[in-house]
Structures are given as structure tokens and as C-alpha cells.
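Sequential numbering from 779 applies to the sequence shown in our numbering.
So the structure is just underneath, and the comments pick up after that.
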Amino acid sequence: MDCVKVALLGCGTVGTQVARLIGEQSKDFTARIGAPLELCGIAVRDASVQRDSSIDTSLLTENPSEIIAQADIVVELIGGIEPARTYILEAFSHGASVVTGNKALLAAHGPELYEAAAKAQVDLYYEASVAGAIPVVYGLRESLAGDRITHVLGIVNGTTNYILDEMAVNGLSFDEALKQAQDLGYAEADPTADVDGLDAAAKCAILASLAFHTRACIDDVHVQGIRDITAHDIASAADAGYVLKLVAHAKRRGEEIELSVGPTLIPLEHPLASVHGSFNAVVVEAEAADRLMFYGRGAGGAPTASAVLSDVVAAASHKVNGGHAPRELIYGNAQIVSVDDMQARFQLELLVRDEIGVLTNVTGIFARYGVSISAVSQTNSREAKGICRLIVRTHEVKRRDLHAALEELSHVNFVDSVARVMTVEEN
Ligand code: HSE
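In C-alpha cells, the structure reads:
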């Protein structure tokens, strides 16, 4: 091949950096691939918009199909489901390999894309879809192909980690911290996907599919976001020796897997506790390797472009030298557990009357539903006289049993309110 032609769909924060680096590192890429990479076009919504000086404006087009038809590799950085899905399928039908960072699309239509790539005998790569620059897709799919993964636990959304960290360390309000994350280019175009946990849920589904060789989609993930987290939650976590993080969990229990995203209390000694700012980290537990942690920048233009370009180099090498990306493996065929049957350790807060026998009655209700308590602490409530705050932590219990106990507690006269239920991770 004289050169490998790359069509770039999208020229936002990440696309701009991809275009810049293809230009700046062209000698290295040629040496690694065995032929030069040539950017044959950049599809944008509005070609008249002012762009970064690294962008060659003669490459801009408002017609993606025009450059898809010429390309050996299509890099999809538009995001969202449509028209991204249509353009990717179009690329496959023209015999182009695809590199995408589109977690929402993969978590909703991954099997369709994998099948179309296999049929066209081209590559589908998506390192940038999870945790920005961190090579966790490669890690799960290739580096750990000789092992059995049991648990994946990750801080995979930079925006929410930044927000929770700024609230904890610098005392910012939720809105102030979100605004800063947006200004720094971490947040999605619509930050709802970040703060409501949907971005992390899509990544959780992708990681679980790779770790457990089972198809998982975003609807399989139980999701809770961070919109209602308060300074009080963060302070009480710190008092108890924890830090509050939005964590994606994918856990195998025998032939079943549990998938969830939610605010999680992480002990200060846990490796995820030291992940600050917009950084991401994914802890993987495997039977032979034991615990591994992948850590790095999970958002932002240049870090994400690094992941995109690693895939471009791999796909381009296959075009030049032969070979294929790994195919989808779904032999694991694990059952995905319903939310009620998921098990976790929990912490919850109860405001109760400060009277003789109340603690016995509270623990009695938990016992009746098979909820085993691991710790209880009591403080005087600032809210009202004669009311105290109980913080209860449980051993591993099913959500169904916990919720049944909480439902009963919310109706008894010695309980004023049941607040904040969060999962708790162990070291
Ligand atoms: N909005 C995402 C984040 C960007 O904050 O992590 C990377 O997917």
C-alpha cells in the first residue's frame, strides 16, 4: 500500500487532537505501520466554524459519505447513536476498518457492529470508548486473555470524579464543580450522561462484555448517579474513613454477573481512593493474576486521542501487513442478575427517636429480612431534639432484602426518615 487513508468523522475536542497528532507524528506512524497515514478528510456539521490552527481546512467536508467511500480506516468521533451507527455500517460496507470512541453506541448496538465488521472482514476497535488514555480494553481483551476475570471495579467517568473530588477537597458546590469540568472539556456535550451515571453504565457494559465474554448492554446495568450527593454525604463518608466515588462494578458470581454503577464508599486504603480529579482507574481481579490497577487520564482531548491513535495504528498495520483485530467472544454466556438479586455491602442513614429499645427494634427489623449488620454508629441529630442519626453498615446482602427492611423501617413510628443508601467497597 502507498498509504493508509483515514477519514475522521467529527472534529471536536478529541477529533482536533487526533488530526493534530496524525500530522505531527507522521514519521513515527509510517515507521510503525509500514506505510504513511494520510488524513483524507474531516467530516463536520459546519465547515465554516473557526477551528484550531492545526486543522487543514481544505480537508473539511459536511458530507461524511464522500470521505467514508475513500477511506481504509474511518475514525468515528461524532458520538451518540445516530447518525454514527449508520456511518460505521457504511464504512464496513466499503471495506474500511473502524475506530470509535462511542461508548453509548457500543453499549446499545455492539453486537450489530461486531457482526458487520466480521462479515466485511475488517476491524472494529474502540479503546477510547472506556477510560480515555488507559489501555483497559486492550488489557482485558488481550493482556488478560490467559486468565479468568472475577471482578472489574472502575472509576470510569472523569467528570463525576472531578466533581466529587472538588466537592471533597476544595468545598465546591456540585454546580460549581460541574461548570469547571465542562470548561476543562471532560464532560459530555450533555452532562446528564455523566452526572446520572449513564456514561459510566455504557462503559461498565463494555468492560463486562470483554471481561466475562458475555453480551451486556447498558440496560443490564443498574444505574444511580451523583446528582443528589451533598456536602454532608461527603463529610460523613470522610468521618467514617471512606471517600465517595462514582464506581462501575462488574462482578462474576459463578455463572452469573452483576452490573451496576453508583456512588460507592471506598475505604481510604483502597487503591481507588487515591484517584483524584478527572483521572480514571480500573481495578481488575483475576484468578491467576490477582489484583491489577489501570490508572490514567480518562477524559480530555489529547489523552483520548492517544487511545484513538493506538487503534488507528493497529488497524492500519493490519491493512498493510495483514491480520485482524480480535473478534467478539461471547462463549461465557453468563446470566445477568436482576437488580433485586444483586448483592453488595451497604451503608444507610436512619433518623430515629433517641429512646430506650429503639436500636433493638431497628436491628430486629434488619434481622427479620436476613440483613446482617457489620457496624452501627450513633450521633445526635442536628435536625431535631430527641432524634439521633444512626449510620448502619451491612455485610453483603441482596438489594431485595435490604429494600424490604427499609420499607418496613420507613413505616414504624420510631423512625423519622431513611436517608442515603450507598454501596460500600472493601479493601
Ligand atoms: N465525559 C466522559 C468523562 C468523557 O467525563 O469521563 C470520556 O468518556
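Glycine is no exception: its CB is placed at the ideal position from the N, C-alpha and C atoms.
Discussion item. For the pair the stretch 1121-1132 and the stretch 1182-1198, tell me if three or more CB-CB distances fall below 8 angstroms.
Written reply: yes
Worksheet item: At what residues does the alpha helix (DSSP H) containing Tyr-940 begin and finish?
Response: 936-948
Discussion item. Which residue marks the beginning of the beta strand (DSSP E) containing Thr-835, and which one marks its end?
Written reply: Taken as a continuous stretch (DSSP letters only), Thr-835 belongs to no beta strand (DSSP E), as it is neither H nor E.
Discussion item. Shorter than 7 angstroms, the distance from the beta carbon of Tyr-964 to the closest heavy atom of ligand 1, or not?
Written reply: yes
Fill in: For Gly-1221, the residue or residues it bridges with in DSSP
For residue 1221 there is no data in the structure shown, the boundaries of the chain being 779 and 1205.
Worksheet item: Which partner residues of Cys-1166 appear in the DSSP bridge assignment?
Response: Val-1130 and Asn-1158
Discussion item. Check this for me: beta carbons of Glu-748 and Ala-1122, under 8 angstroms apart or not?
Written reply: Look at the range of the chain in this structure, 779 to 1205, and you will see that residue 748 is not part of it.
Practice prompt. Return the residue from the list Ser-1038, Gln-958, Ile-941 and Gly-1142 that minimises the CA-CA distance to Thr-1006.
Written response: In the sequence under discussion, the amino acid at residue 1006 is Asp, which differs from the Thr named in the question. With distances taken between Cα atoms, Asp-1006 lies closest to Ile-941.
Item to complete: Along the alpha helix (DSSP H) that carries Leu-956, what are the first and last residues, could you check?
Response: 952-961
Fill in: Helix, strand or coil at Ser-760 according to DSSP, with G and I counted as helix
No statement about residue 760 is possible, as the shown extent of the chain runs from 779 to 1205 and does not include it.
Worksheet item: Do Ile-1004 and Ala-979 have their CB atoms nearer than 8 angstroms?
Response: no
Practice prompt. Give a yes or no on contact between the stretch 1078-1096 and the stretch 905-917, applying the rule of three or more CB pairs nearer than 8 angstroms.
Written response: yes
Practice prompt. For Val-999, count neighbouring Cβ atoms within 10 angstroms of its own Cβ and tell me buried if that reaches 16, exposed if not.
Written response: buried
Discussion item. Can you find the residues in the same chain that come closer than 6 angstroms, C-beta to C-beta, to Ser-871, ignoring five residues on each side of it along the sequence?
Written reply: none
Worksheet item: Excluding the five sequence neighbours on either side, which residues of its own chain have a C-beta within less than 8 angstroms of the C-beta of Thr-1141, listed in chain order?
Response: Ile-1151 and Val-1154
Worksheet item: Taking DSSP as the reference, what is the three-state secondary structure of Pro-913?
Response: coil
Discussion item. Please report the distance separating the alpha-carbon of Gly-812 from that of Ile-933.
Written reply: 37 angstroms
Discussion item. Given a cut-off of 8 angstroms on the beta-carbon distance, is the pair Tyr-865 and Leu-787 in contact?
Written reply: yes
Discussion item. I believe Leu-988 touches Val-915 by the beta-carbon criterion, under 8 angstroms. Please report the beta-carbon distance rounded to the nearest angstrom.
Written reply: 7 angstroms
Fill in: Distance CB(Gly-819)-CB(Ile-845) smaller than 8 angstroms
yes
Practice prompt. Compare the beta carbon distance of Asp-901 and His-1102 with 8 angstroms and say whether it is the shorter of the two.
Written response: yes
Worksheet item: Between the Cα of Gln-1125 and the Cα atoms of Lys-881, Asp-850, Ala-1162 and Leu-1022, which residue gives the shortest distance?
Response: Leu-1022
Fill in: Strand pairing of Lys-1029, partner residues [DSSP]
His-929 and Glu-1036
Discussion item. If you follow the alpha helix (DSSP H) that Ala-1197 is in, where does it begin and where does it stop?
Written reply: Run containing Ala-1197: none in the alpha helix (DSSP H); it sits in the beta strand (DSSP E), 1193-1202.
Practice prompt. Reducing DSSP to helix, strand and coil, say where Val-792 ends up.
Written response: helix
Worksheet item: Any idea what DSSP makes of Thr-864, helix, strand or coil?
Response: helix
Worksheet entry | Closest residue to Pro-1045 among His-1054, Val-1053, Gly-1019 and Val-796 (Cα-Cα distance) | Gly-1019
Worksheet item: Which residues in the same chain as Arg-798 place their Cβ atom closer than 6 angstroms to its Cβ, once the five residues preceding and following it in sequence are excluded?
Response: Ser-832
Fill in: Same chain, Cβ closer than 6 angstroms to Thr-808, neighbours up to 5 away in sequence not counted
Pro-814
Discussion item. At the level of alpha carbons, what is the spacing between Val-1060 and Asn-1191?
Written reply: 44 angstroms
Discussion item. Which complete beta strand (DSSP E) runs does the stretch 1039-1090 hold, if anything under 3 residues is left out?
Written reply: 1057-1064 and 1068-1075
Worksheet item: Should the stretch 923-933 be called in touch with the stretch 1026-1039, which here means at least 3 C-beta pairs below 8 angstroms?
Response: yes
Item to complete: Can you give me the start and stop residues for the alpha helix (DSSP H) that Gly-846 sits inside?
Response: It is worth fixing the name first, because residue 846 is Ile in this sequence and not Gly. It spans 842-846 - the alpha helix (DSSP H) in which Ile-846 sits, taken as one unbroken run.
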